[in-house]
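Beneath this line is the structure, given in structure tokens, with notes to follow.
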Amino acid sequence: IHAKDFHHGTALDVAIDKSFPDVVKILLIHGEDVNCKHHILSPLLRAITMCDIPMVEFLIDLGANINEGWINGKFVPPLNMAVNCCFFNIAILLLEKGADVKAEDYNKDTALHRLTRKLEVGNQTITHFKIELARVLLRKGADVNAKNIKQMTPIFGAVNSSNPELVQLLLNAGADFYFSIAQFQYSILIQAINPVALSFDELNGNHTTKNIVDVGKNLPTFDEEEFFQRQCEVVELLIRRGIDVNINYNNRPSPLKIAVMGPNFKIVELLVEAGANINAQLKNSCGGTPLHLCVETSNLKTTKYLVEN
């Protein structure tokens with residue numbers, strides 16, 4: 001019963017994929033493990049990826065660990081998988097069954113980390129899903145300041161996805177990690193100004209990084225003007241929270257310099273109005289200012305604005 005096909009699937013994997021509960025039960029009776037770690041996906045995670053609610057419930061009733069899952073031998077809690085797949089009803093089911101809202105995967109990501117980081121460009125359904133499920137996770141005790149292996153807390157993902165409602169929700173819940181030392185202030189403000197889409201294929205271990213606006217331009221549902229407005233709202237929230245618009249870390253380009261090189265002119269205005277130094281020089285051999293950068297790139301609108309201010 002443990003034999004694998006050419007796709008490394010076992011009979012149990014096939015039974016779950018085909019939603020054959022009677023076959024699943026027979027295989028478990030004869031020696032398969034409902035919590036096995038040696039499959040590509042452990043049984044409960046496989047059922048979750050199929051969005052098969054009856055099978056998820058069936059496996060839990062047969063002893064599947066509500067807080068344990070494996071992808072190619074790497075630990076991923078079932079709740080994290082449900083969130084990553086944007087399956088709201090399965091996430092709620094797992095929580096009702098006792099899933100640990102603070103459980104961490106192999107990257108120390110909690111479900112809230114996974115949720116806030118979900119790419120939502122041009123997809124209002126995912127935007128709504130993230131806000132509604134975040135409320136549930138927070139009510140269940142999710143740690144708004146939990147740090148993953150890269151020292152990122154959930155609000156970093158919310159800022160990067162330019163979701164002002166989610167950012168506000170997390171701030172109201174006590175998110176404060178990024179408002180302490182310069183390194184963290186710098187990183188989250190730059191992320192708000194220049195959001196990037198990180199795609200991670202867990203099954204194959206592949207990473208890809210792209211600017212979110214560039215990703216959106218390839219989607220028919222993407223509204224660039226609306227995205228820029230939401231991006232500005234996130235920057236405003238950070239400014240109101242007290243972030244330093246002139247924050248400097250390790251001689252990297254200032255937030256204003258990053259903004260003048262980007263496509264959203266309104267962020268330049270926001271930073272200048274909040275006190276950003278328009279004459280700050282780059283900490284390199286050139287020593288250029290934001291104005292130099294605008295002239296070099298023929299950015300006439302921003303050049304005119306900086307000269308007039």
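Sequential numbering from 1 applies to the sequence shown in the UniProt record's numbering. Each residue gets a CB set at the ideal place from its N, CA and C atoms; glycine is no exception.
Query                                                                                                                             : Result
Close-in-space but distant-in-sequence residues of the same chain around Glu104 (CB under 7 Å, 5 per side omitted)                : Thr110
Nearest-angstrom Cα separation, counted from Leu119 out to Asp17                                                                  : 26 Å
Distance CB(Asn107)-CB(Lys150) smaller than 9 Å                                                                                   : yes
Separation of Cys51 from Gly141, as counted between CA atoms                                                                      : 25 Å
Leu300 vs Ala276 beta-carbon contact at 9 Å                                                                                       : no
Unbroken alpha helix (DSSP H) run spanning Thr110, endpoints                                                                      : Run containing Thr110: none; DSSP gives neither H nor E here.
Delimiting residues of the alpha helix (DSSP H) encompassing Cys294                                                               : 290 to 296
Residue range of the unbroken alpha helix (DSSP H) whose run includes Ser187                                                      : 182 to 193
Extent of the continuous alpha helix (DSSP H) run through Gly269                                                                  : Note on residue identity: the sequence assigns Glu, not Gly, to residue 269. Start and end: 265 to 273.
Extent of the continuous alpha helix (DSSP H) run through Thr49                                                                   : 43 to 49
Proximity of Gly69 and Asn84 at Cβ, strictly below 9 Å                                                                            : no
Straight-line Cα distance separating Thr153 from Ile181                                                                           : 14 Å
Start and end residues, alpha helix (DSSP H) containing Lys257                                                                    : 255 to 260
For Glu57, the nearest candidate out of Ile278, His292, Ala91 (CA to CA)                                                          : Ala91
Where the alpha helix (DSSP H) through Glu96 begins and ends                                                                      : 88 to 96
In chain order, each beta strand (DSSP E) run of at least 3 residues that lies wholly inside the stretch 3 to 79                  : none
Contacts around Gly242, its chain only, beta-carbon distance under 8 Å, and the 5 residues preceding and following it disregarded : Phe179
Check whether Thr116 and Lys130 have beta carbons under 9 Å apart                                                                 : yes
Own chain partners of Leu189 with C-beta closer than 7 Å, once the 5 adjacent residues on each side are dropped                   : Leu238, Ile243, Ile247, Pro255
Identity of the residues DSSP links to Lys210 by a beta bridge                                                                    : Ala197
Residues of its chain near Glu273, where Cβ-Cβ distance is below 6 Å and the 5 sequence neighbours each way are ignored           : none
CA nearest to the CA of Asn89, picked from Ala259, Val136, Ala175                                                                 : Val136
Arg252 (DSSP reduced to helix, strand or coil)                                                                                    : coil
Three-state secondary structure assigned by DSSP to Gly174                                                                        : coil
Within 9 Å, strictly: CB atoms of Leu282 and Cys294                                                                               : no
Best match in Arg46, Gly73, Lys74, Leu133 for proximity to Ala64 [C-alpha to C-alpha]                                             : Arg46
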